[in-house]
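Throughout the first sequence, residue numbering follows the working numbering, covering 12 to 535 in sequence.
For each residue, glycine too, the CB sits at the ideal point set by N, CA and C.
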Amino acid sequence: MIRQELKNILQKIFPDEDIVIDYVPKEKQGDYSTNIAFRIAAQKKKQPYEIAQEIASLIQHPMIESISVHKPAFINFTIANGYILKKLFSEPDTIDLGKGQKIMIEFVSANPTGPINIASARAAAVGDSLIKLLNRTGYEAVSEYYVNDGGRQSSLLAESVKQRIKELNGKSADIPEGGYHGEYIIDLAREIREKGIADIEKIKEYAIDYFIEGHKRILQEFGVEFNNWIRESSIYEKGYVDEVLGLFQEKKLTYVKDGAVWLRTTEFGDKEDRVVITSDKRHTYLLPDIAYHLDKMKRQYNRLINIWGPDHQAQIRSLQSGMMALGYPRGMLEVLIVQQVHLRKAGKLIKMSKRAGVLKTLEELLKHIPKDVVRFFLVMRSNSQHLDFDLDLALKQSDENPVYYVQYAHARIKSIIKKAQEQGIECCNSFAKDLIKEKEEITLAKAILRYCEVVEDAARNFEPYMLAYYLIELARVFHYFYQKLRVIGENKKLTQARLALINRTAETIKSGLEILGVSCPERM
RNA sequence: GCGCCUGUAGCUCAAUCGGAUAGAGCGACGGACUUCGAAUCCGUAGGUUGGGGGUUCAAUUCCCUCCAGGCGCGCCA
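Encoded structure:
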């Protein structure tokens with residue numbers, strides 16, 4: 012990576028400084044810049060601008076075409092064209108942020124009590140892209156889906172289904188308080204009734220399997236496949252819940268108050284202690300949750316990441332405290348909050364209410380909107396941003412839709428390459444590199460080379476949207492290039508050179524879209 | 001009341017770890033196809049970065065405070 016190489020050069024001169032390399036905002040003033048002069052100036056009590064000039068005069072390197080100093084005291088580097096082209100057609104850089112660390116991301120983990128909604132779909136899109144990003148940056152990343160098949164919710168589900176079966180049999184239904192009213196429950200009840208299942212435990216089992224299979228199917232359609240599916244019941248079966256409780260008691264981290272068992276989570280930074288066993292001897296969700304994370308740790312991960320919705324914000328501290336109570340260091344578990352999604356139609360937000368049973372499901376969404384559009388839209392915003400999903404825009408098959416904008420650039424390139432082939436000109440990487448020197452060509456080449464830097468940034472920040480933005484930008488640079496210069500022309504050597512350049516562009520777009528789970532058609 | 005998130009152009013959002021004259025898309029207006037895909041490109045207009053303080057050579061970014069919106073705050077999950 013050019014950014015890293017520049018950093019190394021400066022690091023040699025200033026071994027004790029934290030070197031920062033930024034992109035230059037104005038194209039004409041260079042490619043990369045550093046603010047090192049500001050830091051040095053403060054120490055040496057000299058004018059930053061002077062220092063910048065001194066430093067600039069010290070640096071000389073074949074990859075650097077020129078160095079300039081800009082107001083207040085930025086040192087800007089312009090990379091030599093020859094170096095750019097050499098890098099562009101040599102082996103791509105490998106990024107090793109992870110250094111082989113095993114990292115697990117748990118996401119979606121929607122309860123098996125209903126269909127997958129759009130908020131979970133966002134988590135699925137972000138999580139899946141993150142897995143791919145981390146796997147390309149030196150991590151061994153594994154995805155996991157946790158199924159809450161124990162506890163009260165699944166009992167309520169079973170009871171709700173049972174009541175609906177009663178209703179189908181002509182009696183009146185009495186959905187329990189906190190039960191499930193959605194119409195999808197009626198469909199399920201019909202299915203179970205036809206199978207002649209009546210025992211409440213069997214109903215529960217059937218219902219949970221039904222939802223898990225449904226989730227698997229729709230996620231697969233969405234391009235998201237998990238490495239592991241883990242059930243809460245398996246955590247109990249392994250005895251981890253009791254093990255965790257025993258460990259806490261051994262460490263004297265629990266106490267009894269008002270007939271309930273409390274965990275001293277405040278010792279690890281929680282706001283208040285938490286109940287782990289209620290006064291009527293049931294586990295709260297926290298205990299099996301901690302046990303589940305013990306299970307994760309027993310599987311030898313170096314780091315755990317959970318992707319949660321904003322409604323679970325308050326639980327983060329408790330769970331992290333629980334992990335620390337088990338003896339794991341702070342920071343072993345990181346929880347990413349991915350904010351909610353609002354559907355927008357005709358400029359207005361659509362209100363969603365889960366309780367009323369009116370929920371926008373991923374399945375419904377995919378019936379109307381192509382998968383590629385949904386995937387791209389759901390990773391277009393930073394995790395902490397609320398996301399407006401514009402249904403009208405998503406349905407537009409035109410220039411306004413950024414997915415097609417990016418895909419179109421790729422298809423356009425493929426079409427040009429095909430046309431060249433028909434004229435007997437093959438695309439290969441051995442050509443006279445000095446033929447590439449037009450401004451638009453160099454800008455495109457530089458944009459392509461930024462790809463691995465963007466992948467690194469996106470992986471480091473756990474933010475796939477950075478990649479989505481980059482791809483739009485790369486497509487823009489290409490479209491501009493296309494408008495200005497002809498690829499296929501009289502000069503065969505020049506044609507070959509430009510073919511190679513746009514071929515690299517296409518490869519980069521394809522690689523990026525793959526990470527985002529978006530297809531990359533050759534024709535549209 | 002407390003915690004977390006958000007507030008940037010008419011709308012949806014960027015702005016890398018605190019950096020340069022705050023940028024894109026959409027919408028509006030005006031242009032560009034006898035030539036590789038017009039699902040494209042170019043130009044114009046549009047801003048007191050919610051308000052006010054502070055820290056700094058430098059604040060959209062960090063701190064304090066106020067205002068507005070969202071999500072939480074259970075011996076539910």
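Determine the direct distance from the alpha carbon of K97 to that of E76, and round the result to whole angstroms.
Along the first sequence, read from residue 1 onward, the residue named residue 76 stands at position 65. Along the first sequence, read from residue 1 onward, the residue named residue 97 stands at position 86. Taking the straight line from one Cα to the other gives about 14 Å.
L179 versus D468 - alpha carbon distance
Counted from its first residue, the first sequence places residue 179 at position 168. Counted from its first residue, the first sequence places residue 468 at position 457. So the two alpha carbons sit approximately 55 Å from each other.
Threshold first: 4 residues or longer. Then list the alpha helix (DSSP H) segments lying entirely within the stretch 52 to 122, N to C.
59 to 69 and 92 to 99
Counting Cβ pairs, one atom from each stretch, are 3 or more of them under 8 Å apart for the stretch 135 to 145 and the stretch 384 to 397?
yes
On the CB-based measure, 16 or more other CB atoms within 10 Å of its CB, does S11 come out buried or exposed?
Because the chain in this structure spans residues 12 to 535, residue 11 falls outside the shown range and cannot be described.
Taking Q434 as the reference, which of I203, G500, H397 and K307 has the closest Cα?
Position 423 of the first sequence, counted from the first residue, corresponds to residue 434. Taking only the C-alpha atoms, the option nearest Q434 is G500.
Closest by C-alpha distance to T519, when choosing among F489, R175, E61 and D27
Working through the first sequence from its first residue, we reach residue 519 at position 508. Checking every option, the nearest Cα to that of T519 belongs to F489.
Using a Cβ-Cβ cut-off of 8 Å (strictly less than) and excluding sequence neighbours within five positions of I211, which residues of its own chain qualify?
Position 200 of the first sequence, counted from the first residue, corresponds to residue 211. Hits under 8 Å: A169, E170 and K173.
Less than 8 Å between the CB atoms is what I'm expecting for I196 and E374, so what's the real figure, rounded?
By 1-based counting over the first sequence, the position of residue 196 is 185. By 1-based counting over the first sequence, the position of residue 374 is 363. Not confirmed; about 15 Å, so no contact.
Looking at the structure shown, is K504 part of a helix, part of a strand, or coil, going by DSSP?
Position 493 of the first sequence, counted from the first residue, corresponds to residue 504. In this structure, K504 counts as helix in the three-state DSSP scheme.
Assign E212 to one of three DSSP states: helix, strand, or coil.
Reading the first sequence from its first residue, position 201 is the one you call residue 212. Note: E212 maps to helix in three-state DSSP.
If we count Cβ pairs, one from each stretch, closer than 8 Å, do we get three or more for the stretch 152 to 168 versus the stretch 112 to 124?
yes
Separation of Q326 from R14, as counted between CA atoms:
Against the first sequence, residue 14 aligns to sequence position 3. Against the first sequence, residue 326 aligns to sequence position 315. Distance between the alpha carbons of R14 and Q326: 39 Å.
Taking a contact to mean a Cβ-Cβ separation below 8 Å, would you say D284 touches T276 in this structure?
Here residue 284 corresponds to residue number 273 of the first sequence, with the count starting at 1. Here residue 276 corresponds to residue number 265 of the first sequence, with the count starting at 1. Taking 8 Å as the Cβ cut-off, D284 and T276 qualify as a contacting pair.
DSSP-derived helix/strand/coil call for E155:
For this step, residue 155 is matched to residue 144 along the first sequence. In this structure, E155 counts as strand in the three-state DSSP scheme.
Could you tell me the alpha carbon to alpha carbon distance between S44 and G149, rounded to whole angstroms?
Within the first sequence, numbered from 1, the residue matching residue 44 stands at position 33. Within the first sequence, numbered from 1, the residue matching residue 149 stands at position 138. Going from the Cα of S44 to the Cα of G149 covers about 27 Å.
Which residues in the same chain as V272 place their Cβ atom closer than 6 Å to its Cβ, once the five residues preceding and following it in sequence are excluded?
The count along the first sequence starts at 1 and reaches residue 272 at position 261. T265, V287 and I288.
Starting from the Cα of R497, find the closest Cα among K457, K430 and S441 and give me that residue.
Within the first sequence, the letter at position 486 stands for residue 497. The option with the nearest alpha carbon to R497 is K430.
When DSSP labels each residue in this structure, what does F388 get in the three-state scheme?
Reading the first sequence from its first residue, position 377 is the one you call residue 388. Three-state result, F388: helix.
What separation, rounded to the nearest whole angstrom, lies between the Cα atoms of M343 and K113?
Counted from its first residue, the first sequence places residue 343 at position 332. Counted from its first residue, the first sequence places residue 113 at position 102. Taking the straight line joining both Cα atoms gives about 12 Å.
Per-residue DSSP class, three states only, for N313
Here residue 313 corresponds to residue number 302 of the first sequence, with the count starting at 1. Reduced to three states, the DSSP call for N313 is coil.
Uninterrupted alpha helix (DSSP H) stretches inside the stretch 137 to 195 (no shorter than 4 residues):
162 to 179
Nearest-angstrom Cα distance between I424 and V466?
Sequence index remark: in the first sequence, residue 424 carries index 413 (1-based). Sequence index remark: in the first sequence, residue 466 carries index 455 (1-based). About 22 Å.
In chain order, what residues of the same chain lie with their CB nearer than 8 Å to the CB of Q260, ignoring the 5 residues before and after it?
Translated into positions along the first sequence, residue 260 becomes position 249. There are no such residues.
For I2 and I483, what's the separation of their Cα atoms in angstroms?
Residue 2 falls outside the range modelled here, since the chain spans only 12 to 535, and no answer is possible.
Need the endpoints of the beta strand (DSSP E) that R285 sits in, please.
Counting from one through the first sequence, the residue named residue 285 turns up at place 274. That run of the beta strand (DSSP E) goes R285 to I288.
Please classify K365: is it buried, with 16 or more other beta-carbons within 10 angstroms of its beta-carbon, or exposed?
Counted from its first residue, the first sequence places residue 365 at position 354. Interpretation of K365 is limited by its pLDDT of 43, a score under 50 that renders its predicted location unreliable; the figure taken from the coordinates is listed afterwards. Exposed.
I think Y303 touches I246, with their Cβ atoms under 8 Å apart; what is that distance to the nearest whole Å?
Within the first sequence, residue 303 is the residue found at index 292, counting from 1. Within the first sequence, residue 246 is the residue found at index 235, counting from 1. Contact holds; Cβ gap of about 5 Å.
Roughly how many angstroms lie between the CA atoms of P381 and Q418, to the nearest whole one?
Position 370 of the first sequence, counted from the start, is the residue given in the question as residue 381. Position 407 of the first sequence, counted from the start, is the residue given in the question as residue 418. Answer to the nearest angstrom: the Cα atoms are 13 Å apart.
Please classify Q331: is it buried, with 16 or more other beta-carbons within 10 angstroms of its beta-carbon, or exposed?
By 1-based counting over the first sequence, the position of residue 331 is 320. Looking at its Cβ environment, which holds 16 or more other Cβ atoms inside 10 Å, Q331 is buried.
State the Cα-Cα distance for the pair Y94 and D104, rounded to the nearest angstrom.
Stepping through the first sequence from its first residue, residue 94 is reached at position 83. Stepping through the first sequence from its first residue, residue 104 is reached at position 93. Their backbone Cα atoms lie some 14 Å apart in a straight line.
Residues in the same chain with beta-carbon distance under 6 Å from I176, minus the five sequence neighbours each way, listed in chain order, please.
For the purposes of this step, residue 176 is taken as the residue at position 165 of the first sequence. Closer than 6 Å at the Cβ level, and outside the excluded window around I176, lie A200 and R204.
Sort I214, I129 and N46 by Cα distance to V80 and report the nearest one.
Position 69 of the first sequence, counted from the start, is the residue given in the question as residue 80. When each option's Cα is compared against that of V80, the closest is N46.
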